[in-house]
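This report refers to the structure that appears directly beneath it.
Number of protein chains: 2
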Amino acid sequence: MANYKRITLGDIKTLGRITLHNDLALTGSEVSINELPAGVAVPFVHAHQQNEEVYLILSGKGLFYLDGEELALCEGDVLRVDPVAKRCIKADAGSSLRFVCIQSKANSLNQFTETDGVPAEGTPSWM
Amino acid sequence: MANYKRITLGDIKTLGRITLHNDLALTGSEVSINELPAGVAVPFVHAHQQNEEVYLILSGKGLFYLDGEELALCEGDVLRVDPVAKRCIKADAGSSLRFVCIQSKANSLNQFTETDGVPAEGTPSWM
Chain A
1 MANYKRITLG DIKTLGRITL HNDLALTGSE VSINELPAGV AVPFVHAHQQ
51 NEEVYLILSG KGLFYLDGEE LALCEGDVLR VDPVAKRCIK ADAGSSLRFV
101 CIQSKANSLN QFTETDGVPA EGTPSWM
Chain B
1001 MANYKRITLG DIKTLGRITL HNDLALTGSE VSINELPAGV AVPFVHAHQQ
1051 NEEVYLILSG KGLFYLDGEE LALCEGDVLR VDPVAKRCIK ADAGSSLRFV
1101 CIQSKANSLN QFTETDGVPA EGTPSWM
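Sequence lines, in order, name chains A and B. In terms of the numbering used here, the first sequence opens at residue 1 and continues consecutively. In terms of the numbering used here, the second sequence opens at residue 1001 and continues consecutively.
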């Protein structure tokens, strides 16, 4: 079996909500690409049991409710949200809000990049 | 201490490479936003010891070397890459390649979304 899986989603500026865990057979994260239409909010406040979330705002404006605070969101905002945080998110009345949300188990990462990566054999056509 | 951290990166269509682990104090993942200029490749082939990677191509075209295969990449491609896979990535001569790369520990996710999320108290201003 190949050591990877690839899916082609097409134009990410026009997608609805897509969750990738099952389609990519992920084992360390859940990754979703989300769009809230203008004026629309997630209809509930929630927290998590185990998972830290990372939000990456791709386009649009909105509001992030976090433990009673409300943060104005815009393109290029990135957030870490701890499992216990009570959260909700809403698109501004005048723009849809597109964002990536990553769930991973809090405190599960032991090492990364230079400490996890290792040089490997292989010669791409351009080398 | 707040149960979240937020950073504003600005226009993600013009960023260089940004790594978020340290700035967001992430504990379950490393998330980077990357840009390879037209014609440029990561200058080495690498694998990982523990971490699964997810790639999300935001814009541009390129090539992904994976264990001797080469996949043509375009906007909206998403890939899971297992730790052991020997990988390299290159932007096409005619376009820069912008992508998100997520590292998380393979097999670390126990549950997600409906099985990890729990309803929480709180009343955003719009509810």
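All residues carry an ideal CB built from backbone N, CA and C; glycine is no exception. Only a predicted model underlies this, so the values are computations on that prediction, with no experimental measurement involved.
According to DSSP, residue 1103 (chain B) shares a beta bridge with B:1030, B:1053.
Any Cβ of chain B closer than 9 Å to the Cβ of residue 37 (chain A) would place that residue at the interface, and such an atom is absent.
Residues of the segment 89 to 120 of chain A with a C-beta less than 7 Å from any C-beta of chain B: 90, 100, 102, 103, 104, 105, 106, 107, 108, 109, 110, 111, 112, 113, 116, 117, 118, 119, 120, listed in chain order. At least one beta carbon of chain A lies nearer than 9 Å to the beta carbon of residue 1051 (chain B).
Listed as beta-bridge partners of residue 118 (chain A) by DSSP are B:1047. One alpha carbon belongs to residue 1028 (chain B), the other to residue 1126 (chain B), and they sit about 31 Å apart. Nearest in C-alpha terms to residue 54 (chain A), of all of B:1065, B:1061, B:1033, B:1083, is B:1033. One Cα belongs to residue 4 (chain A), the other to residue 62 (chain A), and the distance between them is close to 35 Å.
Close to chain B, meaning a Cβ-Cβ distance shorter than 9 Å, are the following residues of the segment 3 to 26 of chain A: 3, 4, 5, 6, 7, 8, 9, 10, 11, 12, 13, 15, 18, 19, 20, 21, 23, 24, 25, 26.
Distances from the alpha-carbon of residue 1067 (chain B) to those of A:122, A:8, A:9, A:6 put A:122 closest.
The beta carbon of residue 1030 (chain B) is closer than 6 Å to those of 1021, 1103 in its chain, skipping five residues each way along the sequence. Counting only residues of its own chain and dropping the five nearest sequence neighbours on each side, residue 48 (chain A) has a CB closer than 7 Å to the CB of 83. Residues of the segment 1075 to 1089 of chain B whose Cβ lies closer than 7 Å to any Cβ of chain A, in chain order: 1075, 1076, 1077, 1078, 1079, 1080, 1081, 1082, 1084, 1085, 1086, 1088. DSSP places residue 1023 (chain B) inside the alpha helix (DSSP H), whose first and last residues are 1021 to 1024. Between the alpha carbons of residue 64 (chain A) and residue 85 (chain A) lies a distance of about 12 Å. Per DSSP, reduced to three states, the secondary structure at residue 8 (chain A) is strand. Within chain A, not a single residue places a beta-carbon under 8 Å from that of residue 1062 (chain B); the smallest gap is close to 11 Å. By the Cβ-count criterion, residue 81 (chain A) is buried, with 16 or more other Cβ atoms from all chains shown falling within 10 Å of its own Cβ. Among the residues of chain B, those whose CB is under 8 Å from the CB of residue 31 (chain A) are 1054, 1056, 1078, 1102, following chain order. A Cβ-Cβ distance of about 14 Å is found for the pair residue 18 (chain A) and residue 1075 (chain B), leaving them out of contact under the 8 Å criterion.
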